[in-house]
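The opening position of the sequence shown corresponds to residue 0 in numbering that gives the first Met the number 0, with each subsequent residue numbered one higher.
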Amino acid sequence: MAQAAIDKIELTKRLVAFDTTSRNSNLALIDFVRDYLDGHGVASELVFSADRGKANLYATIGPQDRGGILLSGHTDVVPVDDQDWHSDPFKPLEKDERIYGRGTCDMKAFVATVLSLVPTLLARRLKTPIHLSFSYDEEVGCLGVRRLIDVLADRPNRPRLCIIGEPTGMQVGVGHKGKHTLRCQVHGHEAHSSQVHLGVNAIEAAGELIAKLREIARRKRDKGPFDEDFAPSYSTIHIGVIHGGTALNIVPRECVFDFEMRPLPGDDVAAVVAELREFADRHVLPEMRAKQPNTGIVIEELSAAPALKTATDAEVTQLAGALTGANGTVKLAFGTEGGLFQEAGIPTVICGPGSIDQAHKPDEFVALEQVARCERFLQRLVDRVAQR
């Protein structure tokens, strides 16, 4: 017997109830989605992480011999640690025409709305297939979807177009900045703080490098390049985490800081890293090694997600615009998996319910009106790809 349909709101609540914070496995949620699809007679494929603790899910509804339209979302969410929630973030609360809970707008409401329409997709005779992609570890560098993209690369029925349901207020997003996460490790030399002339202070050296990054960031802010469709309109550099030292009376041997760059499409991240390395080699390391030759600085990239730039006259943009009824497009300050799909030759736009203003915050919510707009968007898509 075929499984009964589940309403989009109920499905949203069920997905939110899975704690899929990126540090955790997402397999319980993926198993739920796989069983739901199985219950409707839809086969799905799991593409696992290297340790098999997480998985992407991929499925196709409609013709299996051609590429269609990919509806894509991620299943992981950011932590709730130290946030002042007024309800349990993993026990979704429906109140005041909103659903509250971690991941409601980023982006489980979209995933749930897609899944709620599976019976409709099956009831219509699709001439163009609809592909479903639900990934892991998007929030920590768009890591999981890369394995899925590799699997799909040589398939004759690889998706032709992609719509990612990140929260845009159901506007059509045609561009976003990239995100490059980097780490700088400074190795100094310990000494008693009364004998600073014998030590190499790793924190102070790191401070010089951080000051250099601030100089570069100000230059980007003041001299560009600029794209006024973004807010802010320039590439940004941000230092977010720093660790160093053991006690005040010890010259610190180690200091590590993490920083990120969110470049405009076409801006050169490699040039920024090269400038930082040149500054380290010419102005920081010589003084360090004059005292202790075994000191050093290591700068490494931890993750990189490319920017997205889709033409306003591209087929996928025109399709999404027709489905929303909107005349214009937007560009997004936050990153998505879209740049990776685009690099793989799958033209992509971003369009989903909710606002990024509510994402990653305590009391995250999605408005029911936004979920209803998403459902109408997807129903129009079904009408376009169905046999007449």
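Glycine included, every Cβ here is placed at the ideal spot set by N, Cα and C. Quick caveat, the model's predicted, so the values are computed rather than measured.
What is the residue span of the alpha helix (DSSP H) that residue i lies within?
i	result
K211	201-222
L10	7-15
M287	284-290
R225	Here the sequence assigns Phe to residue 225, which means Arg is not the residue at that position. Neither: F225 is in no alpha helix (DSSP H) and is coded neither H nor E.
V255	Where V255 is concerned, there is no enclosing alpha helix (DSSP H), although the beta strand (DSSP E) it sits in stretches over 253-261.
F278	268-278
So what does DSSP say about residue i, is it helix, strand or coil?
i	result
I355	coil
R97	strand
M106	helix
H188	strand
G338	helix
C350	coil
G320	helix
T112	helix
D81	coil
L247	coil
T119	helix
A27	helix
A313	coil
A385	strand
M0	Because M0 carries a pLDDT of 44, less than 50, the predicted location of this residue cannot be relied on, and no value is offered for it.
I345	coil
Can you name, in chain order, every residue of its own chain whose Cβ lies under 8 Å from the Cβ of residue i, other than the five neighbours on each side?
i	result
G52	S24, L26
N200	G187, V250, P251
V365	T11, R97, I98, T103, C104, A108, P166, P352, G353, Q357
I5	R13, Y35, L114, S115
On the DSSP letters alone, give me the boundaries of the beta strand (DSSP E) that residue i sits inside.
i	result
T127	That residue, T127, is in no beta strand (DSSP E); it is neither H nor E in DSSP.
V365	364-366
V297	295-304
V240	235-243
V329	329-331
Quick one: residues in its chain with C-beta nearer than 6 Å to the C-beta of residue i, no 5 flanking neighbours on either side, listed in chain order?
i	result
F278	K211
R146	V46
K330	G174, D228, F229
R65	N156
E368	none
V117	H39
L125	G61, V384, A385
F333	I355
R387	Any reading at R387 needs caution, since the residue's pLDDT is 49, under 50, leaving its predicted position unreliable; the model's value is listed next. Excluding positions up to five away in sequence, the list is empty.
Mind reading off the beta-carbon distance from residue i to residue j? Whole number of angstroms is fine, and I expect it under 8 Å.
i	j	result
L151	V32	L151 to V32, Cβ: 18 Å. No contact.
M106	G338	With 8 Å as the limit, M106 and G338 do not qualify as a contact, their Cβ atoms being about 16 Å apart.
T20	D75	7 Å
I272	L208	The identity of residue 272 in the sequence shown is Val, whereas the question assumes Ile. Going by Cβ atoms, the distance from V272 to L208 rounds to 12 Å, so no, they are not a contact pair.
P262	S302	Not a contact, Cβ separation roughly 14 Å.
F133	N55	7 Å
I349	T103	That pair is no contact at about 18 Å.
F258	A205	The Cβ separation is near 11 Å, so there is no contact.
P264	A306	4 Å
L160	V268	Incorrect: roughly 27 Å between the Cβ atoms, too far for contact.
P346	T309	6 Å
A16	P91	7 Å
G244	I202	6 Å
Can you list, in chain order, the residues of its chain with a C-beta nearer than 7 Å to that of residue i? Leave out the 5 residues immediately preceding and following it.
i	result
A325	Q170, V171
F109	G72, G164, G351, P352, C373
P88	V79, G100, R101
E10	In the sequence on display, residue 10 carries Leu and not Glu. Correct list, in chain order: A111, L114, S115.
L275	L208, K211, L212, I298
D382	none
F225	S232, Y233
L322	F376, R379, L380
Hey, does residue i have any beta-carbon neighbour from chain D nearer than 7 Å?
i	result
Q291	The structure shown contains no chain D; it holds only a single protein chain.
Legend entry - Complete beta strand (DSSP E) runs within the stretch 32-77 (minimum length 3 residues, chain order): 43-47, 54-60, 68-73
Legend entry - Sequence ranges, beta strand (DSSP E) only - wholly within the stretch 130-193, length at least 3: 160-163, 172-175, 178-186
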